[in-house]
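Read in order, the letters of the sequence shown are residues 15 to 112 in our numbering.
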Amino acid sequence: MGAAGFEAVAAASPATPTAPEPSLRDTLEARCAEVSAARSLSPREAEVLVYLARGFTPAYIAKSLVLSISTVRTHVRNIYRKLNVNKREELLHLIDEE
């Protein structure tokens, strides 16, 4: 490609780089943060909510957060109660819609 070709490519390219699209993970975490703030979840419940939204099991969440499974289940119950949902599908729908 000659100099004219490089100039044509440079002219067609935007002068300033565009910001990358937010990743699905970032978007999910942002939605969870919005739901957590709107529904007064505790900081730990908000953290568990992100793991639930990603599809992790209580056992995995417990291991990742260095909690007992019983404690994670208590957080899950509190999250479901505060968000007025009964199962994970409802939880995911609420996160997606809110």
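For glycine and all other residues, C-beta sits at the position ideal for the given N, C-alpha and C.
Here the structure is a predicted model, which means the values were calculated and not measured.
Counting only the same chain and skipping the five closest in sequence on each side, list residues whose C-beta sits under 7 Å from that of residue 55. 63, 93, 96
What is the rounded straight-line gap between the Cα of residue 131 and the Cα of residue 65?
-> With the chain covering only 15 through 112, there is no way to say anything about residue 131.
Which residue spans inside the region 62-90 form an unbroken alpha helix (DSSP H) run of at least 4? 72-79
| said: Please report the straight-line C-alpha distance between residue 48 and residue 110, rounded to a whole angstrom. | reply: 11 Å
Suppose you measure from the CA of residue 68 to the CA of residue 46; what does that come to, to the nearest Å? 10 Å
Q) DSSP on residue 50, reduced to helix/strand/coil? A) helix
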